[in-house]
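The structure appears below as structure tokens.
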Amino acid sequence: MNWLKQLSGTWQKNQLQRPELVSMFDKPHAKQWVAIDCEMTGLNPKKHHLLSVAAIHINDNTIDTGNGMHLVCRPPVMPDRDTIVIHGLRTADVEHGMGYDEMLALLLPFIDNRPIVGLCTQLDIGFLNPMVKRYMGTTLPNQIIDVRQLYSRRMGDRTQGIPHQSQRLTNILAHYGIPEMGAHDAYNDAIMTAMAFLHLRSQL
């Protein structure tokens, strides 16, 4: 399987249209990750839009909150009142946000070759990858780590049959006594995800 992964990585690297990002394909350093979280207008990447993304470096046992990144984007369609109660971002918050290419020009070098840690990573990456591919010619080459899967691995049979409830971030935080910082804020969610990851990384 390793040769398949190497072959896939080589193919992706050959598709790269932005040589300044070639280091994203380098082997990551040990004990370095990046926690990310996205806020969107909905759950379907084909009809909903990214509103904000936060990213924070994790270096061994340290979460580098002093150098984190929280980028607010201007979506092609402004959020409506029904979704504002979910993500908390109003038209006034995003109408002067940055374009997606401008956001990626900042985000991708920050992510670099670090494994990406998140909660519901399939959803976040599902929104990011199409715009990443348009921007640099290929999708994210990084290893993707979902905290929910690590928690399920840690808990074993105790999460069988109730995965959606038992693997919510609030439940994971409560299990480890991690204080909640306020949900549906990308930066706070990225920090909380990073804290949960530090308790669960032995499951990698």
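To convert, note that position 204 of the sequence shown is 204 in full-length UniProt numbering; the numbers rise steadily by one, no gaps.
Even glycine gets a Cβ: it sits at the ideal position worked out from N, Cα and C.
* **Opening and closing residue of the beta strand (DSSP E) in which SER52 lies** => In the sequence shown, counting from the first residue as 1, residue 52 sits at position 52. Here the beta strand (DSSP E) through SER52 covers 50–59.
* To do: Under the assumption that MET98 contacts CYS73 (Cβ atoms under 8 Å), give the Cβ distance between them as a whole number of angstroms.
  => Looking up residue 98 in the sequence shown gives position 98. Looking up residue 73 in the sequence shown gives position 73. Separation of the CB atoms of MET98 and CYS73 is rounded to 6 Å, and the pair is thereby assigned contact status at 8 Å.
* To do: Can you check DSSP and say which residues form a bridge with ILE145?
  => Here residue 145 corresponds to residue number 145 of the sequence shown, with the count starting at 1. BP columns for ILE145 point to VAL117.
* To do: For LYS133, collect the residues of the same chain with a Cβ closer than 8 Å to its Cβ; drop the 5 residues on either side in sequence, then sort them by chain order.
  => Reading the sequence shown from its first residue, position 133 is the one you call residue 133. So the list reads THR139, once near-sequence residues are dropped.
* Which residues DSSP lists as bridging ILE36, in chain order -> One-based indexing of the sequence shown puts residue 36 at position 36. In DSSP, ILE36 forms a bridge with ALA55.
* From GLN203 to LEU21, what does the alpha carbon distance come to, in whole angstroms? -> For the purposes of this step, residue 203 is identified with residue 203 of the sequence shown, where counting begins at 1. For the purposes of this step, residue 21 is identified with residue 21 of the sequence shown, where counting begins at 1. So the two alpha carbons sit approximately 30 Å from each other.
* Kindly identify the DSSP beta-bridge partner or partners of MET69. => Reading the sequence shown from its first residue, position 69 is the one you call residue 69. The partner list for MET69 (beta bridge, DSSP) reads ALA55.
* Boundaries of the alpha helix (DSSP H) in which VAL94 is found, first to last residue -> Position 94 of the sequence shown holds residue 94. Taken as a continuous stretch (DSSP letters only), the alpha helix (DSSP H) holding VAL94 covers 91–94.
* Leaving out five residues on either side along the sequence, give the residues of the same chain with a beta carbon under 7 Å from the beta carbon of LEU16. => On the sequence shown, position 16 is the one that residue 16 refers to. Only VAL22, MET136, GLY137 and THR138 meet the Cβ criterion.
* To do: Figure out for me which residue from LEU104, HIS48, THR62 and HIS57 has the closest Cα to the Cα of MET78.
  => Taking the first residue of the sequence shown as 1, we reach residue 78 at position 78. The shortest Cα separation from MET78 among LEU104, HIS48, THR62 and HIS57 belongs to HIS48.
* For MET155, does the three-state DSSP call read helix, strand or coil? -> Your numbering for residue 155 matches position 155 in the sequence shown. In the structure shown, MET155 sits in a helix (DSSP, three-state: H, G or I).
* To do: Can you check DSSP and say which residues form a bridge with MET136?
  => On the sequence shown, residue 136 is found 136 positions in, with the first residue counted as 1. In the DSSP output, where bridge partners are listed per residue, MET136 has none listed.
* Asked: So what's THR41 in DSSP terms, helix, strand or just coil?
  -> Taking the first residue of the sequence shown as 1, we reach residue 41 at position 41. DSSP places THR41 in coil when its eight states are reduced to three.
* **Counted within 10 angstroms of its Cβ, other Cβ atoms place GLU180 as buried (16 or more) or exposed** => Sequence index remark: in the sequence shown, residue 180 carries index 180 (1-based). Exposed, since its Cβ has fewer than 16 Cβ neighbours within 10 Å.
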